[in-house]
Structure formats: C-alpha cells, structure tokens
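Single-structure report; data block below.
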Amino acid sequence: MAKTFKTMDGNEAAAHVAYAFSDVACIYPITPSSPMAEHIDAWASHGRKNIFGQEVLVKELQSEGGAAGAVHGALQAGSLTSTYTASQGLLLMLPNMYKIAGELLPGVFHVAARALASHALSIFGDHQDVMAARATGFALLASGSVQEAMDLAGVAHLSAIKGRVPFVHFFDGFRTSHEVQKIEVLNYEDLEKLVDKEAVKEFKERALNPKGPQVRGTAQNPDIYFQEIEASNKYYTDIVGITEDYMKDISKLTGREYNLFNYYGAKDATDIIIAMGSVTETIEEVVDYLNANGEKTGLVKVHLYRPFSIKHLMEAIPETVERIAVLDRTKEKGAVGQPLYLDIRDAFYESDKKPLIVGGIYGLGSKDTNPTDILSVFDNLKESEPKNDFTIGINDDVTHKSLPIKKEITTEPEGTIRCKFWGFGSDGTVGANKSAIKIIGDNTDMYAQGYFDYDSKKSGGVTMSHLRFGKNKITSTYLLTETDFISCSKQSYVYSYDLLRGLKKGGKFLLNTIWNEEELDEHLPGYMKKYIADNEIEFYTINATKIAAEVGLGGRTNMVMQAAFFNLSQVLPIDEAVKLLKKAIVKDYGAKGDDIVNMNYAAVDQGINALKKVEVKDSWKNADTTKNFKISGAPDFINNILIPMNRQEGNDLPVSTFVDMPDGTFPSGTSRYEKRGIAVNVPHWKVENCIQCNQCSLVCPHAVIRPFLVDKDEKAKAPEGFETKKANGKGFEDYEYRIQISPLDCTGCGNCAQVCPAKQKALVMSPFENEIDVQAANWEFASEHVKSKEENIEANNFKNSQFQTPYLEFSGACAGCGETPYVKLVTQLFGDRMSIANATGCSSIWGGSAPSMPYCTDDCGNGPSWANSLFEDNAEYGYGMAVSQEQTRNRIENLMKDFVELNVDNEANEAFNAWIEGKEDYKTSKAASAKVLKVLDKKFGNDKADEIIETLKGLERFLIKKSQWIIGGDGWAYDIGYGGLDHVLASGENINVLVLDTEVYSNTGGQASKSTPTAAIAQFAAAGKLTKKKDLGLMATTYGYVYVAQIALGADKNQAFKAIKEAEAYDGPSLIIAYAPCINHGIRVGMGFSVEEEKKAVETGYWHLYRFNPQLKAEGKNPFTLDSKEPTKPFRDFLDGEVRYTSLKKLFPERAEKLYEVAEENAKERYASYVTLSEEE
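The sequence shown begins at 518 in my numbering and counts up one residue at a time.
The following block contains the structure:
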C-alpha cells in the first residue's frame, strides 16, 4: 500500500491512532492536550470509523478526575478506552490510575507533558506531570517528535491490549503537541492487522456483566494485600518484551527503527547523552555536527521509561562509552538527583562498566533548548571534573549550576529555509502559518515544520511563528535563531520588540504598515534602519490593515500577509499558491458562511499585488542606534523585569533577577507601564455631544476610558487640547467634566462608541495616529495631576461608580472582552478592601500573567489582593481566605476584650469597644479602625496591656472588614469546581462569588461546559450540544439563604449595579452569574458589539435577569425578583448572530433546525419558571 503523508501537529498524530484503537473516549479540556480530544470528537461527529468498524463514543466529564473515573468504568465494562490530559489534569487522575493499573486494565492515557503549577502556573511543556505518575503502575512511553507521536501511540495501544498493563504515552507539550510537521500517516487497515484479536476477546470476556458476575474493588486486610500486589509482577516483566515486539512491528511497517532505547551516533562513542522527548531530535543534530568534526559522540533516546529495562539500556550503550550526561526535563526539589539520572546511575551499580555519569536539568516550562545548549553538555563532559546537577538554557548566577556557553553553533539541515512571523493574537497570523505549512508540506516534495510561540495574553498578545521548510528532513525542535525571512503584522511592534534579531544578511523583511516611505524614514527606529542597511536586507511593506478593513475582515490581516509571503518567497508558483490558499480558506472558514469565505478570497487577491519594495537609503547606515527602553522614575521591577520580559527578552534574565521573589509574588499595578499601542482605531471624544452618562467608562473592558472631574486649579494647569465641559449633577457644581482615553492602552474594540446613547455620538473611532500625540499627553496629565474626587461622591448609582478608582486596568484580555467590565465594576465599588481568589481560566490569565499585573492600588497603597491556586479548588481556596480573616479578626476582638478588662485607659477602651461593636460592617469598622490606630502608638505602663498593644500592631492590616470574592468562569463553577462551590455556598459564610459565564471553556479553546446551551457548537460538541444549560443560579436558590443574581451589564446596567451592591451587603453567601460574550462565540458583527450582544441576549429571551434576596423573605416578601421582561425580539435573532450557532446550520442543517427548536423551548421554559417564582406570594 502506498504511503500517505500529511502535515499535522503532534496532538493530531496521537489522536489519529488513539481513535483507531478506542471504543470510548472520556475527555476533559486542558492545555495543551485538548486538541487531541477535539479531533476525536470531530471525527466521531462526522462518522469516522475505528478499526472495529464503529464511531468512537465520546463523553465529556466535569473534570479530569471524572474523566479518569469514567475511563476506569468503561474499561471494567469491556470497552477499550482512552483519554487525553496534561499537568494538573494528570495529577487529578492519579487515584484512578493506581486502580486501573492494579486491575490490569488496558487503558491508554495520551499526555502532552506539561509543567505543574507550583510558585506559578505554567501551561508550557516539561515532564513534571509524567514523573509524578511513574509510581502508578502505568507503563510510560515517550515520543520525541510528531512522527513518533503517531508511531508510538500505536505501540502503546497494541501493547496495553496484549499485555494488560495500561500506558501513558507522552510527548512534550507545545514543542511536540503543537509542532506542525509533514509526517507519514499510519493506515487503519495496517494497524488492525497488528492487534492481538485473542487478547481483545479475552478483555471483553473479563468485562463486568450480570451474566457471569464477578466482584472487583474489594477491601483487603493485611493477610493478603501484599501478596496480591506481588502476583502482578509477571505482567510488568512481560510488558517489556511485548512492547519491544510491537516496536519491531511498527518499525517493519514504517521503515523507521524503534527500540526501547534507540542509539544514535558513533559506534565507538566515548561521550553520550541520555534523554527522552523532543530534545533528542536536537541532540541528534549536535551529534552529527560533532562527529563530522572528528569527535565521537552519541545519544541514547529513551522510549519505554517504565518499566525500566536495564538489560535493554545496556545493549543500547556502546562498549566504548566513558562519560554519560543524563538530561531530565523535571525538577524534584530536595532529591539527590532527577529521576532519569538516578535510574541510569542505578543501572550501572552492578555493572562492570563504570563510566562517569552526570545529570542535568533542561527545558522547564518550555524553556527553549537549542544546539548551543546541547554543545555545552558535551563540553562539560570533556572537563577534568564535569559538573553534576547542572542546568542548561538559563544563567544561574546564584547557585552557579548552569553550564557556560563556549561557542554558538547552527546545526539545521543544509538548505533549510527559515521564516519568522510576528503576529498579533486574533489577527489570524498563527492560523495562516499553520495553513501555509500544510500547503507547502501537502503539495510539494519539501519537508515542512511550524512551531508557534506565544505570550500569555489573550487574543491581543504577541505571537511568533517559526517556520522551516526544505528538501531534507527537519529535526530542529527549537526556536529559530537565524532566519531568511521575517514578517511583522503589527506596525507598533517596531517599537516593542527587536524584530530583526537573527535575520541573515540579504534576508527579507515584510512589514504591515500604514506609513509611506517618507513616514517610514521618520518613524522607524534607528537601530532597525541601520541593521537593514548594513545587512543588505530586502525590505517590503504592505498596508494589510487597510486591505483587511476594506474587504470586511476587520483586524484579521492574516490572509493578506500570507498572500504577500507566498509572493515574496516563491516557494510555489504564485498561481498555484493562490489556488491552494483559496482551497484552504474553504476548509478553514466554510462553516462560518460564504461571506467569510469571499472576504478571505478578496484578501488573498489584493495581498498578492499590494507589496511595495522600500528604497533603503544610504543614510540609514549612519542612523542613531541608541536603545534605551527604561522608564525614568519607574520602579526597579519595571525596568529590570517587566520591560525585558515584554520585549521577549526574558530568556536573558539570570536567576539573580528573581532571588527576592522565589515564591512567585509579583507587585500589583505593573500593567500601567506596558503602553502597547496595539489599537488601529481609538475613541475620539466629541465634548459638545456628551451627556455625561459615563456608560463608555462602565463598559470599557480595559479601563482605558474614564471620566474626570476637574477643579479650577487643575483646569488652569491642563495642556492645550484638554477640553472640558461644565459637570452635570448634584455636588458637581464646582467641577468641569472630561472623558479621557489612554490611546496606548486601548485595544480599539469600539464598545465605548457603540454604547454611547447620545443623539449625536460623543465618541467616534478615529485612527490611532490622529489621537496619539495629543491624547497621550492628556492622559498623562489627567491620571497624574487630576486628583480623584471619589471621597466626595457616593457610589450610589452606576454613573457615580465610574468616578471611583478602577482597581483593574489595562489587562491582557481580548478586545471587547465580556468578563472584565464586571470585575472592574466590582473593584470600583469594593476594591480597596477586596480579597480575590481566582479560578484558573481566562480571568486568571488576563488577571495574573507575568509580568503585567492589572490589579492595582490607589494612592494610599490599598487595592485588591489577588491569588490563583488551581482550577478545581477555587471556591475552597477563597473559603480558606475568608475563614482565615474571620479567625484573625476574632483574635483581635479577644485581645481588645482582654485589654478592656484591664481598665488601664478609657480612650483605648472606647476605641476598642467601638471596633468590636462595628466589627462586621465595613464603614463602621473603618471609622473605628482609625481611632484604634491612634491608640496603638501609646504606651500604658502595664506589661500585659503593652503586650496586647504590640500584638495588635502586628494585626492592624486586618482591622477593616474585608470583602471576600471568589471569581471564575463557567468551566470552574458549573463543572470542575461545582462540588466545592456548592459546599462553600452551603456553608453560610459571608462570601461573594462572581461567575463570568461565557458558556464555554474560553481559556482552553472554547470547549463545551454544562453552561453551554443546546444547539451551540463548541469544541467537544462538534455537532451541536444536545443537553440544555444547567441552571446554576436556580439550584443555589434552593438553599434559601444564598443571595443569587443573574445579570447582563449591556441589558440593564442599573440591575447589574444593584445586584452587585446587594450581594456584597448581604451577610451570607452570594452568587452573581454574569453573562459574558466571548471571542469564541463568533459574534458576527464583531467584539466591538459585545455589550450590545448582552442586551440582545435578554431582549430575545436567551438570557434572563433576576435577583433572589433572602433578606426579603425575612421581611415577609417574595425573595425572587424577575428583572427582565418578556422577550420582545425573536429568539432566533440571537442564534443567527453568532457563528457558534449558525455553523451548525451549515454543517448539519436538519439537526440544526431540531436543536434550535429545543433550545428555544428550553429558554421559554426557563423564563416561565422564573415568572412562576416571581409571582409566588
């Protein structure tokens, strides 16, 4: 049978094989493994058959623990079952893994290996998670490339079936899971022939069944527990040979040699490295480089890590080896060495061979490991006393464990073309480059590789695509250091990043810009001009922003830039490239509608012909190359950490930079120093039209537009162009009013202009270049020199709330984000005393991604304390914070009572009694605390009294009543964290919970949650969700003592404001569920209408507004208030406005119509139930 080659990433490669061998897949989303489950679900929904002639049955669970439990159950009932996970997800599966292994069930867990959350969350790759599972009894099988991910996935499934030992098949998260490579695709017919049919039959016969029932999972006493564990030893002895045999079968099938331990290098090598995972491909390149230069080096690539076969390891190592370096991609703190190193060292304990063995750590959290780093490992082995317990890829100037770099090398295959693309999250650059790699890989005889490097911001972050293609196989599993071509899709990046770093002499540079050649000469930084001139760079520009806007694609410049790339690179004849681009457009966007397809067609056609070659002036060789990115007067953290990290130069920071923050603590308010300047258009304030409603400020996702009240003195000092008008409202008589925008912090979503209710709009979107000079200066003046008047303004309505300090500003959330306005408003009302526990998810990423912290402080140094623990435990985490505060304040009360009993000072007694009386009220406790603080500075001449005062001094930060908030998304609240949330609400504790309901797992890529409504297409619901949305709020009302509200800021701002105030004031648990439009919804009019979408959701009856206030019940009133009226617009109007619904109609028309009807009926039933509740006496 002819071989089939296809371009795909590691996740798809593993999923392709997993699908073949699985009857059932039990899934839950987690980065970076989610795409495996998404592929399985999509293939099943389109009718793909596994090797048993059946579609895989895919079931999403509420957590990874739930998925593992379902896997366990499905295996016991006789279905070959797989799952896909990473990081904390794998840890949640550990209890079931011990059970699955103990019961000898042939499950396979495919793991995109990822770092664990410790001092910080990292979604990036290493082996910490897999190493935590090595005692479970699962066999551990490592793949080091996209091709291996496919080939060895087959080995895992086949071996598990025959050997009855479950497998973890793992590969590096992101570096392999998301690397796109041209690989051979294994044919299902070939795989089917390798299956041990008798073993499958026996597995089915062992299944639990009432016909011939058996008992498993018994409780055993000390008399037999130990013996039965030992009875399974033979299976772990046998699995080694079984795995070896299947590796031989796959080798024979593919022509690629696989062994438990593969050796690569000189047969008479003296120095070798032993490692596993994607780094082995890089090591192979360095081995070739060194051996070509007369050295004798090699690599042992570990595939089967558990069980660990010393026999096979020894057979793989040449007799001539004298020195071994073992590389581990994990760190076990306090251990004498890392796991693989200790295994290798132990293997030689009873051997006659006694080579020198050292170990080191590399690549934690996806730290790039390049050939130069590997060279340093071989150099270390040459030393008279090689360093043990070393690190590579970082500069450890504290404990001095890092190896020095003596020489930089390039080892990529000869003739490899290397291209780097700087993109802007949501502009489509990454998607376009994935498409480009597939076009080249699938339609030429060239090899192709793509890897995509991101920061942690949402759709507005920077992306860096690393593409390689050439005639030779590409094994370069590391980032580009030298490039032939660089493209940049964002003009402002010329100020933010060293874009041309690594571009070779004579290379090509493409910049998306609105500048003409004269403006380029004026605005391009001097060091860029000099680099271009000195290195004879071919410089091209294109106004992709203008083209994308004209064809209707908004800010998505990807197709324009991709067309320009193909024109410049000439990888394919241009006519063929255009044809293939348009074919890819249909595949990628066809489900979104013909209009989207045609817009992208137009972008390609125009992008081909819009290139302009820049005439590089001789004067550029003498351009000023001064680089000073530091901010005068800024804290050291900003200049020494934030700026280098934001310039993508964090890899250069040494360990000493972080020696004072080893627990991961970061300062608040650092996002204000970013000034990204990413907006194409920003709002322009038309003062004469403004009605001073402050709605623009209320809905701004990033707090970049704010109202200011300006007194006479401030107005006199204002810069020219700082227009104001007489302030309206009681108490504002002495002030002028101004709306001020921060153009450098704006993302350009346009919600402020859209929501403006003035008859003639007071806000219009204007090109960034038209606003920047004047408004940047105005913002600096307003924010630095116009004092807040909030102490004179009671936040008793949403307009006044906007004169309060927003303690959430300039986050990394998507433009138009539906989540941030709610949280920002809460901080304006309670921010100076808030304590926030934040579930992992979108809100933790835009809320706490290093180094830019958007939660900030006021002039007094007060602001929200914020922390993230995990995903599943957020309610309990916040609960722990609350009870800790309660216990500490109870101690304060006891100390004060002890002091009063001493009767040594009347003033102190009065202050303490007042505090005790008002302890549970914020305003009263704040006023009383001021008096208490004065007393704490006194000495009373009484040892006991003075001892109490000293203790109270250490607790003074706890005097004022805090407002405890627990914040997270629907994936947390409805699914993985629901058990904890339910318990915390039931506890009766005075805690506030804010659920940001996007109706999908937004952070992991838009998978369905129990909040996802019927008919919505999402990941894990590729054919539309069948079940209806969980009514979390109504469930919480059944306790009777939980305050519950459902709100939508765009639909009723007053109701949202009132609900938030009532919830916080309620002395007990509160739950606020806020509708939050998300970029994953595919709002057809764009995220600039996300606030309007909230209004539309209520008007059509898709979302409902209500408040359940237990205090009303105590007053003899109905606690349930229905705040939204009967729908005034057709329900289908809402569905028709979002791609998550309309794409179902495109893909499955008949199914769509049925599900739409069910969805509408569900919404009507829900509204009817609310009406009934509101009418109860």
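All C-beta atoms in this analysis are idealised placements derived from N, C-alpha and C, irrespective of residue type, glycine included.
Remember, it's a predicted structure, so these values are computed and weren't measured experimentally.
Sequence-distant residues of the same chain with beta carbon closer than 8 Å to residue i, five excluded per side
i	result
A1532	G1541, K1542, L1652, Y1658, L1661, A1669, L1672, Y1673, V1675, A1676
Q593	E620, L622, A724, L725, R733
D618	It should be pointed out that residue 618 corresponds to Ala in this sequence rather than to Asp. These residues qualify, in order along the chain: T653, G654, F655, V682, P683.
K576	V541, A542, C543, I544, A587
S1691	Y1623, N1635, F1637, T1638, L1639
Beta-carbon proximity check, residue i vs residue j, cutoff 8 Å
i	j	result
G1110	A1080	no
N1060	L1128	no
K1025	E999	no
G794	G661	yes
L1017	Y1048	yes
T994	T799	yes
A629	P546	no
F1475	T1405	yes
P1236	F1298	yes
M1045	V1095	no
K1663	A1293	no
T1174	L638	no
S1480	E1389	no
D469	I678	Beyond the ends of the chain as shown, which are 518 and 1694, falls residue 469; an answer cannot be given.
G1329	S1283	no
A842	L898	yes
A1270	N1206	no
L844	A792	yes
D1038	K1144	no
Beta-ladder partner(s) of residue i, from DSSP
i	result
H686	H627, L658
V1512	G1485, I1590
A740	Residue identity check: residue 740 is Asp in the sequence provided, not Ala. Looking at the DSSP assignment, D740 forms no beta bridge with any residue, so it has no partner.
H556	Beta-bridge pairing links H556 to no other residue.
V979	F941
V541	L574, T598
K710	K710 is not bridged to any residue.
S1352	S1382, Q1481
S1004	F938, L1027
K818	N779, A792
T524	K699
Neighbourhood of residue i by C-beta distance below 6 Å, restricted to the same chain and skipping five residues each side
i	result
Y968	E696, H983
F1239	N1295
M1162	P1368
A1573	I1564, L1566
K1232	E1253
I1003	K937, L1020, F1026
V1204	E1240, K1242
D972	G978, V979
Contacts around residue i, its chain only, beta-carbon distance under 7 Å, and the 5 residues preceding and following it disregarded
i	result
P1636	F1625, N1626, P1627, L1629, K1630
**OP:** Would you mind listing the beta strand (DSSP E) stretches within the segment 922 to 957 that are 3+ residues and don't spill past its ends, in chain order?
**Re:** 934 to 941
Original post:
Are the segment 1316 to 1323 and the segment 1583 to 1591 in contact at 8 Å, needing three or more beta carbon pairs?
Top reply: no
Original post:
Which residue spans inside the segment 1267 to 1304 form an unbroken alpha helix (DSSP H) run of at least 4?
Top reply: 1268 to 1272, 1285 to 1302
Original post:
Per the contact definition of three or more C-beta pairs closer than 8 Å, is the segment 1609 to 1619 in contact with the segment 1483 to 1494?
Top reply: no
Original post:
Mind pulling the beta strand (DSSP E) runs of 3 or more residues that sit fully within the segment 1160 to 1188?
Top reply: none
**OP:** Just list the alpha helix (DSSP H) runs in the segment 731 to 803, keeping only unbroken ones of 4 residues or longer that don't cross its boundaries, in chain order.
**Re:** 742 to 747, 750 to 771
Original post:
Fully enclosed by the segment 820 to 851, which alpha helix (DSSP H) runs are 4 residues long or longer?
Top reply: 827 to 833
Original post:
Is there contact here, the segment 764 to 783 with the segment 671 to 679, by at least three beta-carbon pairs under 8 Å?
Top reply: yes
Subject >> Length at least 3, wholly inside the segment 1593 to 1662: the beta strand (DSSP E) runs in chain order >> reply: 1623 to 1625, 1637 to 1639
Original post:
Any contact of the segment 1042 to 1056 with the segment 918 to 927, i.e. 3+ C-beta pairs under 8 Å?
Top reply: no
Subject >> Minimum length 3: unbroken beta strand (DSSP E) runs contained in the segment 1209 to 1262 >> reply: 1222 to 1227, 1253 to 1258
Subject >> Continuous alpha helix (DSSP H) assignments of at least 4 residues falling wholly in the segment 1035 to 1086 >> reply: 1043 to 1051, 1061 to 1068, 1075 to 1086
Original post:
Between the segment 1403 to 1421 and the segment 1460 to 1479, do three or more beta carbon pairs fall short of 8 Å?
Top reply: yes
Original post:
Can at least three beta-carbon pairs, one atom from the segment 1209 to 1227 and one from the segment 1332 to 1350, be found at a separation below 8 Å?
Top reply: yes
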